[in-house]
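Protein chains in written order, with full-length UniProt numbering: chain A, 1 to 520; chain B, 1 to 366.
Just so you know, even glycine gets a beta-carbon here, dropped at the ideal spot from N, CA and C.
These numbers come from a predicted model, not from an experiment.
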Amino acid sequence: MFFYRKFFRKKRKPNTRQTKQANPSSKQTDGQNLNSDLTSNLEKLQMLFQLTPDLIVRRLRIHVTGVEAALVYLDGMTDKSTINNNILTPLMREAHASNDKGDIPFTNVGNVGKGSLWSQVETAILKGDTVLFADGRPEAFLFDTKGWPQRTIEDPQIETSLKGAHQGFLETGTQNIALIRRYIPNRELKIKELSIGKRGATKVWIIYLADVAHPQVLAELESRLSSIDVDSIINTGELVEYIEDNPYSPFPQIILTERPDSTVSQILQGRFSVVVDGSPSVLIAPATFISFFQSIDDYSTRWLIASFIRLLRFLAFAIALLLPAIYISFISFNYEVLPIQLLLSVAESRTLVPFPPLLEAMLMEITLEMMRESGIRLPAPVGQTVGIVGGIIIGQTAVQAGIVSNIMVIVVASTAIASFIIPNYDMGTALRLLRFPMMVIAFMFGIVGIVIGMMILIAHLVCLESMGTPYASPLAPFRWADMKDTFVRLPIWKLVNRPKNTRAVQSRRAGDNRRNGDMQ
Amino acid sequence: MKKYALNEITFMQFIFLIHGIQVGTGIMSLPKDLAEKSGTDGWMSLIIGWFINIIASYVMIQIFKRFPNDTLYDLLNRLFGKWLSLFISIPVTLYFICAVWLILIRAMLYIKAWFLPQTPDYIVVFLFTIPTFMLARNGLRIMGRYCELVFYLTAWMPFILLLVLGDSHWIHLLPLFKEGMMPVVKGLESTIYSIAGLEITMIVYPFLKNKQSAMLGIVIANSITILAYIYVTIICFAFFSPDEITGYNQPLLSLLKVIEFRFLERFDMIFLAIYLFIVSTSWIPYMFFAAFSVSQLMRKQDHTPYVAVLLVLIIAIVFVIHPSWNQADMWSKRVSIYNIGITFVLPLLLWVYIQFYVRVHKGELH
């Protein structure tokens, strides 16, 4: 599966072929100025927004100056109470002498802008701003009244944590930024805004610590983001496929998280996070293989326990990847490796099974994958049924019917449990997929096949890079300093420096916090 | 001009690259070869081999110190011109190709003999070529990373041998120098094949990030290798009696056969399978150097197509001639003579030539 990469040698050059039909509406408005006559402006507006029943045009007379005006906004994209109380009321009722000079009308809205181009007005309305046209003025005022249906902050669903914060990201980009900024109220926290997609113009923010993160990685990330030429980005997962280094790899090369606290901890380590408007997951780069085995809980449990759990995860990785393959190779190829007693008991449980080991293992593994996949999208009460059906039918009856052996059920169950331990969903799925080629190669070549499979896997891991950072980083190239937080997690006060694999320019992140000696 | 800056390798990667290349299939039969030539004093010839290697690498470093941005091929071009240099660079390229060939064949023979007697040999070689192609088509930096990672992943393996110490008799090693110095020197012949790999310094040197410590790196890499060999040899000598050991073709594997757990009967199979990782750090870098050399001869920048071509050629030749153990032994004798030429004679001649060259071209060097 890796070697087909050679047929698709990736060349990341910007897409020079421009799509002809892209964004037809902007053609009509590009570079056109607003008229100073209100009626003709409104006519033009009606022409631009045909078949838009949710466009509200409210004509009014500004109380102070007596000028005819019109307020335009999209129903549903705007916050009604803001418009009613903070724009309409002051404009129509209050008599403060304020905008004689003609700068900004007297309203109670925080963010007010001006636009004299139709394209500006159009984007503003579409993004949920309210636009005020006044008669005799060749410009419009843009009030920030964005407000659309949102859900409230909830516990993250995929990355649950025991002791971490119970706030997950939302679908609104600005709120996600706020969730991040709450942890780092520092002016070095820089946010670069980009917009991706010709039609959707999805807003995307790169968030990083300016004095910590490596500028070269930033430039790389920015150039990759800005070279994307698509209609729209719906989800962060889509964006990841456009910018990752090696799209043909089964391994995730960029972390997707829905936890603000782990995002912040990554930013503090010198990584970059990208918030995508409209998606509840945030992207973190550069990532290393090891970083998919770290969870935010590791830092809030006692370090010995955290280290133990981390080692457990690596063990689980090996089991989930190799156990079915080892079973197959020991049963069908290298049976001389097992002592005779063990071999007999295995053979005894397989006497009734009519299938060759590979087919037996495939059958069980695919059933398991199906059960898992069906369980994800079922509502909770039905999901239990799947468990019962799976447990009883697969576990008990299949063995009694002689379709699979007892040992196979044990193998499949332990691989299932092992693959659930991986804290990152994407890495877990990569693992689930890789198990199958491993099984096939083990069936064909036995232990040697497994070793060759591992060699291919390691070769692939060694070649991978994430935003120019070696993917296998603290291991190859080996970095002794990063070992403090790789297989084990040493006490927090030992983690004085940021990890080297983030290429942080400012490496020290903590002072000497160890309490030493007797404190009386 | 630093045209290799993109692929700089670290000090540690340099060490493990050399060490990885040196330790290959040789270790399996080394104790027997040594015992045949020099009896139980054989391990001492390893120390002499270590010393000779250090001297050779010192000469290489002395040459390339003056031309820190040159690989061997750049240097030859500089010294002898575009066409004359081919008289040396073609044999060097051929040497690398022979080295890949030999290691791949030996690894294939081991795997075929112990695991896959029914599988055709070209299929086994094809299996090896997949990771080889994936790695060797990349730069030297990837080789360094791979060798480094594999070293750490397999560092536990020597300790397994300690399990047999209970059945060993150290008396087998005594007396030292029982037949004088001559057997020890004789044993050198069979060590040369096992400690080959130093010659890559002549190509790796411009890729080194830290050129001052190149010598130190070579010494460390050599020491690790030789220590591993001495360790294995001494354990084998202590375990088998001096007469018995020459009866085994691969004493190391026979020794491992003794190790047994209640849940695992043939631990030697697993050991040998995992040992394939260590062998791979020998043939994969050699493959890289072979393809790199060919690309240098062809005066091309990208060496990826040559990796593919060489691998396909190797599979094709295996398919046609079906190499046997005897052939492999014969070839390895020839390659070790070839290796002496490349590792020891060539640097010495170059060094002498450069002494004159520098005198003549004073001031034009940089």
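Within chain A, the residues whose beta carbon sits less than 7 angstroms from that of LEU149/B are ILE458, VAL462, ALA472, LEU475, ALA476, listed in sequence order.
Taking the C-beta atoms as reference points, ALA481/A is found no nearer than 8 angstroms to ASN501/A. Apart from the 5 residues on each side of it in sequence, THR236/A sits with its Cβ closer than 8 angstroms to the Cβ of LEU256, VAL274, VAL276, SER279, SER281, VAL282, LEU283 in its chain, given in chain order. DSSP places PHE80/B inside the alpha helix (DSSP H), whose first and last residues are 72-84.
GLY168/A places its beta carbon 8 angstroms or farther from that of SER300/A. 8 angstroms or more divides the Cβ of ASN35/A from the Cβ of PRO105/A.
Against chain B, a Cβ distance below 9 angstroms from ASN186/A picks out nothing, because the smallest value is about 34 angstroms. Taken through DSSP and simplified to helix, strand or coil, GLU348/A comes out as helix. Note that the C-beta distance between GLY180/B and PHE11/B is not below 8 angstroms. Not a single C-beta of chain A is nearer than 8 angstroms to the C-beta of ILE21/B.
For VAL217/A against ARG503/A, the beta-carbon gap comes to about 6 angstroms, under 8 angstroms, which counts as contact. Straight-line measurement puts the Cα of VAL109/A at about 8 angstroms from the Cα of THR82/A.
Cβ-Cβ separation between THR123/A and THR78/A: approximately 14 angstroms, too far for a contact (criterion under 8 angstroms). At a C-beta separation below 8 angstroms, GLY446/A has these neighbours in chain B: PHE115, LEU116. Linking ILE393/A to ILE195/B through their CA atoms gives a straight-line distance of about 59 angstroms. A buried status is given to THR469/A, since no fewer than 16 other beta-carbon atoms sit within 10 Å of its beta-carbon.
A Cβ-Cβ distance of about 6 angstroms is found for the pair LEU91/A and THR107/A, placing them in contact under the 8 angstroms criterion. Separation of the CB atoms of LYS484/A and LEU490/A is rounded to 5 angstroms, and the pair is thereby assigned contact status at 8 angstroms. The C-beta of ALA213/A has 16 or more other C-beta atoms within 10 Å across all chains shown, which makes the residue buried.
The shortest C-alpha to C-alpha distance from ILE228/A to any of ARG302/A, PRO357/A, LEU239/A, PHE487/A is the one to LEU239/A.
At least one beta carbon of chain B lies nearer than 8 angstroms to the beta carbon of PRO339/A.
Burial check for SER89/B: the Cβ neighbour count within 10 Å reaches 16 or more, so the residue is buried. Within the same chain, and ignoring the five residues on either side of ARG350/A in sequence, the residues whose Cβ sits closer than 6 angstroms to its Cβ are SER405. Between LEU433/A and the set ILE305/A, GLU220/A, LEU321/A, LYS44/A, the nearest pair of CA atoms involves LEU321/A. Given a length threshold of 3 residues, each whole run of the beta strand (DSSP E) inside the region 220-292 of chain A is given here in chain order: 255-257, 272-276, 282-285. In this chain, the beta strand (DSSP E) harbouring SER195/A covers 189-196. The C-beta separation of VAL451/A from PHE277/B comes to about 7 angstroms, placing the pair in contact by the 8 angstroms criterion. Per DSSP, reduced to three states, the secondary structure at TYR286/B is helical. Beta-bridge partners of GLU68/A (DSSP): ARG61/A. Against ILE160/B, chain A offers no close residue; the least beta-carbon distance is about 15 angstroms (beta-carbon pairs closer than 8 angstroms). Any Cβ of chain B closer than 8 angstroms to the Cβ of VAL451/A would place that residue at the interface, and such an atom is present. Looking at the backbone, the Cα of LEU173/B and that of PHE237/B are separated by about 7 angstroms. For ARG145/B, the nearest beta carbon of chain A is closer than 8 angstroms to its own beta carbon.
Look at ARG489/A here: in three-state DSSP terms it is strand.
Taking C-beta atoms as the reference points, MET157/B and ILE274/B count as a pair closer than 8 angstroms.
Boundaries of the beta strand (DSSP E) harbouring TRP205/A: 202-209, taken from the DSSP string.
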